[in-house]
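Peer 1: Chains as they are written, first to last, in the working numbering: chain A, 103 to 583; chain B, 130 to 631; chain C, 3 to 99. Note that beta-carbon positions come from the ideal geometry of N, C-alpha and C, so glycine has one too. No experiment lies behind these values; they were computed from the predicted model shown. Before I ask anything, let me first share the structure, which is written out below as structure tokens.
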Amino acid sequence: MEFEIKIGLETHVELLTDSKMFCGCSTKFGTAPNTQTCPICLGHPGTLPVINKKAFDYTIKVALALNCKIANFTQFHRKNYFYPDLPKGYQISQYDLPIGLNGYLDIKLNSKVKRIGISRVHMEEDTAKLLHFGETGRISEATGSGLDFNRCGIPLLEIVSAPDIKNVTQAKAYVMLLKKILEYLEVSDCNMEEGKFRIDANISVKKLGDEYSKTRTELKNLNSFRFLEKGLSYEIKRQSEILNKSEKLYLETRHFDSKTMTTKSMRIKEEAQDYRYFPEPDLVPIEISREWVDEIKKTVPELPSIRTDRIKKQYDISDNDVEIITSTKSMADFFESCAKIYPYPKIISNWIIRDLLYLLNQEQIQIENCKISSEHLVDMLKMIDTGSISGKIAKSIFKEMFKTGKMPGDIVQEKGLEQISDIDKLTDIIEQVLKENPEIVTQYLSGKMQVFTFLVGQVMKKTKGKANPKLVNELLKKKLK
Amino acid sequence: MVKERLYKLSAKELSDLMSKREISSYETVKDIAERMEEVETIVKSYITTNIYKAIAAARKIDKFIYKKKRIRGGKFIYRTKNIEPLTGIPIAVKDNITTKGIHTTCGSNILGNYKPIYDATVINKIKESNMILTGKTNMDEFAMGSSTENSSFWTTHNPWNLNNVPGGSSGGSAAAVAVGETPLALGTDTGGSIRQPAALCGVVGLKPTYGLVSRFGLIAFASSLDQIGPITRNVQDCALLLNIIAGHDSLDSTSVFKDKEDYTKYLKEDISGLKIGIIKELMGEGISNYVKGAVYKAINIFSSLGAFCEEISLPSLKFALSAYYIIAPAEASSNLARYDGIRYGLRAKKVKSFRSMYRKTRSQGFGDEVKRRIMLGTYALSRGYYEAYYLQAQKVRTLIINDFKKVFKKFDVLISPTTPSVAFKIGEKFEDPLTMYLSDICTIPVNLAGIPAISIPCGLKNNLPIGLQIIAPHFEEGLLIKTAYNFEKKFNFKLKPLYRKF
Amino acid sequence: MEEISKKDVKHVAKLAELDIREDEIDRFVDQLNIVLKHAGKINEIDTTNVEPTSHATNIINIFRDDIVKKCISKKDALLNSPKTIEDLFEVPLIIEE
Numbered sequence: 103m104e105f106e107i108k109i110g111l112e113t114h115v116e117l118l119t120d121s122k123m124f125c126g127c128s129t130k131f132g133t134a135p136n137t138q139t140c141p142i143c144l145g146h147p148g149t150l151p152v153i154n155k156k157a158f159d160y161t162i163k164v165a166l167a168l169n170c171k172i173a174n175f176t177q178f179h180r181k182n183y184f185y186p187d188l189p190k191g192y193q194i195s196q197y198d199l200p201i202g203l204n205g206y207l208d209i210k211l212n213s214k215v216k217r218i219g220i221s222r223v224h225m226e227e228d229t230a231k232l233l234h235f236g237e238t239g240r241i242s243e244a245t246g247s248g249l250d251f252n253r254c255g256i257p258l259l260e261i262v263s264a265p266d267i268k269n270v271t272q273a274k275a276y277v278m279l280l281k282k283i284l285e286y287l288e289v290s291d292c293n294m295e296e297g298k299f300r301i302d303a304n305i306s307v308k309k310l311g312d313e314y315s316k317t318r319t320e321l322k323n324l325n326s327f328r329f330l331e332k333g334l335s336y337e338i339k340r341q342s343e344i345l346n347k348s349e350k351l352y353l354e355t356r357h358f359d360s361k362t363m364t365t366k367s368m369r370i371k372e373e374a375q376d377y378r379y380f381p382e383p384d385l386v387p388i389e390i391s392r393e394w395v396d397e398i399k400k401t402v403p404e405l406p407s408i409r410t411d412r413i414k415k416q417y418d419i420s421d422n423d424v425e426i427i428t429s430t431k432s433m434a435d436f437f438e439s440c441a442k443i444y445p446y447p448k449i450i451s452n453w454i455i456r457d458l459l460y461l462l463n464q465e466q467i468q469i470e471n472c473k474i475s476s477e478h479l480v481d482m483l484k485m486i487d488t489g490s491i492s493g494k495i496a497k498s499i500f501k502e503m504f505k506t507g508k509m510p511g512d513i514v515q516e517k518g519l520e521q522i523s524d525i526d527k528l529t530d531i532i533e534q535v536l537k538e539n540p541e542i543v544t545q546y547l548s549g550k551m552q553v554f555t556f557l558v559g560q561v562m563k564k565t566k567g568k569a570n571p572k573l574v575n576e577l578l579k580k581k582l583k
Numbered sequence: 130m131v132k133e134r135l136y137k138l139s140a141k142e143l144s145d146l147m148s149k150r151e152i153s154s155y156e157t158v159k160d161i162a163e164r165m166e167e168v169e170t171i172v173k174s175y176i177t178t179n180i181y182k183a184i185a186a187a188r189k190i191d192k193f194i195y196k197k198k199r200i201r202g203g204k205f206i207y208r209t210k211n212i213e214p215l216t217g218i219p220i221a222v223k224d225n226i227t228t229k230g231i232h233t234t235c236g237s238n239i240l241g242n243y244k245p246i247y248d249a250t251v252i253n254k255i256k257e258s259n260m261i262l263t264g265k266t267n268m269d270e271f272a273m274g275s276s277t278e279n280s281s282f283w284t285t286h287n288p289w290n291l292n293n294v295p296g297g298s299s300g301g302s303a304a305a306v307a308v309g310e311t312p313l314a315l316g317t318d319t320g321g322s323i324r325q326p327a328a329l330c331g332v333v334g335l336k337p338t339y340g341l342v343s344r345f346g347l348i349a350f351a352s353s354l355d356q357i358g359p360i361t362r363n364v365q366d367c368a369l370l371l372n373i374i375a376g377h378d379s380l381d382s383t384s385v386f387k388d389k390e391d392y393t394k395y396l397k398e399d400i401s402g403l404k405i406g407i408i409k410e411l412m413g414e415g416i417s418n419y420v421k422g423a424v425y426k427a428i429n430i431f432s433s434l435g436a437f438c439e440e441i442s443l444p445s446l447k448f449a450l451s452a453y454y455i456i457a458p459a460e461a462s463s464n465l466a467r468y469d470g471i472r473y474g475l476r477a478k479k480v481k482s483f484r485s486m487y488r489k490t491r492s493q494g495f496g497d498e499v500k501r502r503i504m505l506g507t508y509a510l511s512r513g514y515y516e517a518y519y520l521q522a523q524k525v526r527t528l529i530i531n532d533f534k535k536v537f538k539k540f541d542v543l544i545s546p547t548t549p550s551v552a553f554k555i556g557e558k559f560e561d562p563l564t565m566y567l568s569d570i571c572t573i574p575v576n577l578a579g580i581p582a583i584s585i586p587c588g589l590k591n592n593l594p595i596g597l598q599i600i601a602p603h604f605e606e607g608l609l610i611k612t613a614y615n616f617e618k619k620f621n622f623k624l625k626p627l628y629r630k631f
Numbered sequence: 003m004e005e006i007s008k009k010d011v012k013h014v015a016k017l018a019e020l021d022i023r024e025d026e027i028d029r030f031v032d033q034l035n036i037v038l039k040h041a042g043k044i045n046e047i048d049t050t051n052v053e054p055t056s057h058a059t060n061i062i063n064i065f066r067d068d069i070v071k072k073c074i075s076k077k078d079a080l081l082n083s084p085k086t087i088e089d090l091f092e093v094p095l096i097i098e099e
């Protein structure tokens, strides 16, 4: 039997602001529990929220990048429900007036473009973190759960796709592109391990020719690309099997279990939950003027697909290399700032892909945090071109720059790595080598040409690799004639 | 000269004597403490008293006031020549305003042990003004009520007649001011909770324009209606206290940017030519005849002072009470969701799941009236009822606002009774929510419109005070002060409980 | 308006996380019906083309700058909690639902 699938994805993204959504607490990750709180984010009686302007601007920025219509009037609503991670008993969120509406994202698969609708982009606040003692085994005798409110109140962006996604591949491509765009916009670091980029999915499966019923599954906890793939695949399979047996599907919420790679039912809904949304009386409405949107528009950078295409056209490098170079904004920025001051893009991309990426991976750091700037790389490349260092020496200089952030010229000087291209000096050394190896010279002269490299090696050894190899070759051949 | 008991004096009188160094802050607080000893067990205005800290604070302020310096010729003079008004003056604060380190219960068992970790903005302001906190006053639980009978702890008694209620929800504040347990108090007003108890206790109560006084630190009942305001013995004190608490606060998004005003300047103006509208809808059915009579007498006084009085109609007011009893409970149902027994407050014992923790905690912690309003509000917001109740109530709110706008084109201020009758007997309306709700019928429209109103005494019936309500357009507190002050001077009301020995 | 039923009261109590005892339900049903009957009067007034008012002021666009303020201490954060464990607020074991 054949099936048709409809997937809609809901993505929650923590915004990269310094302070929380409605109070001045820091958003720093990984600090000791309950050290980043205040009466406001703890929901103490009498406290009131005030909106973080930057978080609001970021939301407009994302909505623009996702081709949404920007609301000219918006307000916040209270979403009322009880859960221990929600200190006020309601989440300040948005309801019928989200900041961004009706956008889209074009994903590319096998060089075909597929448009995925973006239903809405809105702002809300993150909840506290629940730790289950039983699960973690942190406290063996404990039977309770614990709450850490450091995360509570961090600005959260919700991006809801239309149910336009037809299979797992598309879902993955959508999420990857979305993540890349958010990284390009520099509004979130999208760190999935730290829970800053979280995905829930709505999945409906139907037999070909049937109508979609309302029995979609809401699948939670798809918090890595692998889980997304596994979770969706499992769920599609599960639903298809049920339909094959002509059994009933339920409108339910399921949780992806990363241990078993299966999904578990959390709640079968008889009816949709009643959140009793109403306008948040503690926050005043917001009018978004055209000027304001224009200001934000100026901060939206060239988006990934456009940039990739342009770089392909503008520079003479392989498409494959361009894909790697533009996989993050910071890498593309690095490449282009080098290309601005150095005329051979192919050489730049080779160094980035072979050497820089290798070191970044090895040291597990991001390009924007690494000590090598475009000036570092370009200065070094120019030194190779003028023959003042050899390609081999350059590799070690590159590592040194990566480690210390010193300029290549300084490293060369400090370590005396400058290439020896002085003919008199080299001639002296060559003569010395010939004197020390009379029988090798005899062998060479009697026609055993392969011993030549041994002699070159001896010269390099004496100069600690600094001799200009081209010159050594020339001079040595001349001497041996 | 035999000094009169200081507790009987108004804040202004105390402040003047302190400026002249005839009395100290310590003497003032000491006398208030003595008065508390005399009457507190009978009237029960306070939930928490702060007398020890108050005395320490007063001594500290006295050191500052009495500090001298030597001038030329070897003479000593006081270092501080003019001390700020209300420096060293005691003030009581309703127990739904957070005070750092001092119990703030909101009149509820659920917050019975709650010690806030921060001060409300108004508390910062009164501290900065060197005022002295006498304690936290009794109130209906979460400010839901009109009699203080809904306090989880005890009912406050009306100092005019101990068998009667002081009104509510700021009943503790109003009774404390009336009986001399403090010259000044802060109350909060969501549907009349400052003005109604002020009326029933024969004192002055002002609900400022929504947004004039910061709500940061006011434990929310209905966020779009709540305001903090002064409860005082006279209009002059009211203006002085309003000077201190009004002003923009960046911690409250609904706080209004407005230049600081000195409200005492309106005390100097007369009201000849003032156009006063008498609200027809609040002078009809349901209002006791003796109350109407007192209002008519007040109209005569206004006319004698050169004001023009005329009856006007605001037809939408008929629906104000109904709209209020949808909007306020709806907001309350959400505002009170945070009381879950996790971060503060009561937690029920022996709970096995977090759901049972919620249900048991909230059921044990909240009283019946609060539960009623939470259910009412939850119902009004729930699916299928939102449009007919909540949304419709908000539209009615718009109509009420429009009606006020319309009449304020023609009139400077409006008047009405503050309450339909004088203070009722304790227990009389307790079992009958709707009748209790009806006692707010005159005050509620003002909260829905977000405009300011003041209640001042305008008569007595069976030795119980009657209140007159004066209503002004947005941010016209000055007009209220001016109108009320002129009336007060002429009417010359005597606050008897101050002289009463219990 | 239709009257609120016992079932409605139970449903609303569940939404609001309140336990209402069986012997209390009838009283709540009666009291809520009296109030709702009065409140229902708002539907007698024509509100066609009337915008709802959710805020009592006409202020708009209030924001704060993204500036970090000093947090309170862990001790203060946990001070009022009825139950804590290892610097966390403790709640009964939560089974995901």
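Counting along the chain, where does the beta strand (DSSP E) carrying B:L335 start and finish?
Peer 2: V333 to K336
Peer 1: Answer with yes or no whether the minimum CB distance from A:R328 to chain B is below 8 Å.
Peer 2: no
Peer 1: In whole angstroms, give me the CA-to-CA distance for B:G203 and B:K197.
Peer 2: A straight-line Cα-Cα distance of about 12 Å links B:G203 and B:K197.
Peer 1: Taking 7 Å as the limit between beta carbons, can you name the residues of its chain near B:L475, skipping five residues before and five after?
Peer 2: Contacts found: N238, I239, G241, T490, Q493 and G494.
Peer 1: Taking C-beta to C-beta, are A:R318 and A:H114 nearer than 8 Å?
Peer 2: Going by C-beta atoms, A:R318 is not nearer than 8 Å to A:H114.
Peer 1: Under 8 Å, with one C-beta from each stretch per pair, do the stretch 450-457 of chain B and the stretch 169-176 of chain A reach the 3-pair mark?
Peer 2: In short, these stretches do not touch, since the Cβ pair count stays below three.
Peer 1: Let me know if A:L310 comes out buried or exposed under the rule of 16 or more other beta-carbons within 10 Å of its beta-carbon.
Peer 2: When all chains shown are included, A:L310 counts as exposed.
Peer 1: Taking the alpha-carbon of A:N304 as reference, which of A:D198, A:A264, A:E393 and A:S290 has the nearest alpha-carbon?
Peer 2: Nearest of A:D198, A:A264, A:E393 and A:S290 to A:N304, Cα basis: A:A264.
Peer 1: Given a cut-off of 8 Å on the beta-carbon distance, is the pair A:K332 and C:D68 in contact?
Peer 2: no
Peer 1: Find the nearest neighbour of A:I283 within the set A:V558, A:I408 and A:F500, judged by alpha-carbon distance.
Peer 2: Ranking A:V558, A:I408 and A:F500 by Cα distance to A:I283 puts A:I408 first.
Peer 1: So, is the C-beta of A:C127 closer than 8 Å to a C-beta in chain C?
Peer 2: yes
Peer 1: Would you mind stating whether B:A457 and B:A349 have Cβ atoms separated by less than 8 Å?
Peer 2: no
Peer 1: Cβ of A:L233 less than 8 Å from any chain B Cβ?
Peer 2: no
Peer 1: Compute the Euclidean distance between the alpha carbons of A:T139 and A:L259, then round it to the nearest angstrom.
Peer 2: 20 Å
Peer 1: Distance check for A:Y276 and A:I241, CA to CA, integer angstroms please.
Peer 2: Confidence at A:I241 is low in this model, with a pLDDT of 44, below 50, so its placement is unreliable and no value can be given for it.
Peer 1: In three-state DSSP terms, what is A:Q468?
Peer 2: Looking at A:Q468 - three-state DSSP - the assignment turns out to be coil, as it is neither helix nor strand.
Peer 1: Determine the extent of the beta strand (DSSP E) in which A:I513 is found, giving its start and end residues.
Peer 2: Counting along the chain, A:I513 falls outside any beta strand (DSSP E), though it belongs to the alpha helix (DSSP H) covering P510 to K517.
Peer 1: How should C:S56 be labelled, buried or exposed, when 16 other C-beta atoms within 10 angstroms of its C-beta is the threshold for buried?
Peer 2: buried
Peer 1: Strictly by DSSP, which residues pair up with B:K397?
Peer 2: DSSP output for B:K397 lists no bridge partner at all.
Peer 1: Give me the DSSP bridge partner(s) of A:H224.
Peer 2: A:E260
Peer 1: Between B:L315, B:Y392, B:V332 and B:T548, which has its C-alpha nearest B:V251's C-alpha?
Peer 2: Measuring from the Cα of B:V251, the nearest candidate turns out to be B:L315.
Peer 1: Does the structure place the stretch 475-487 of chain A close enough to the stretch 434-454 of chain A that three or more beta carbon pairs sit under 8 Å?
Peer 2: yes
Peer 1: Select from the stretch 202-218 of chain A all residues with a C-beta closer than 8 Å to any C-beta belonging to chain C, and list them in chain order.
Peer 2: none
Peer 1: I need the boundaries of the alpha helix (DSSP H) containing B:R324, first residue and last residue.
Peer 2: Looking at the DSSP string, the run of the alpha helix (DSSP H) that includes B:R324 is R324 to C330.
Peer 1: Please go through the same chain and pick out, in chain order, the residues whose beta-carbon is closer than 7 Å to the beta-carbon of B:V575, but skip the five residues on each side of it.
Peer 2: K336, A582 and I600
Peer 1: Counting only the same chain and skipping the five closest in sequence on each side, list residues whose C-beta sits under 6 Å from that of B:M147.
Peer 2: G217
Peer 1: Could you confirm whether any beta carbon from chain A is found closer than 8 Å to the beta carbon of B:T695?
Peer 2: Here chain B covers residues 130 to 631 and nothing more, so residue 695 of chain B does not appear.
Peer 1: Quick check: B:A354 and B:S545, are their CB atoms within less than 8 Å of each other?
Peer 2: For clarity, residue 354 of chain B is Leu in the given sequence; the question names Ala instead. Going by C-beta atoms, B:L354 is not nearer than 8 Å to B:S545.
Peer 1: Check for me: the alpha helix (DSSP H) holding A:R392 runs from which residue to which?
Peer 2: Bounds of the alpha helix (DSSP H) holding A:R392 are R392 to T401.
Peer 1: Could you check the C-alpha separation between B:V332 and B:L624 for me, to the nearest Å?
Peer 2: 8 Å
Peer 1: How should B:P219 be labelled, buried or exposed, when 16 other C-beta atoms within 10 angstroms of its C-beta is the threshold for buried?
Peer 2: buried
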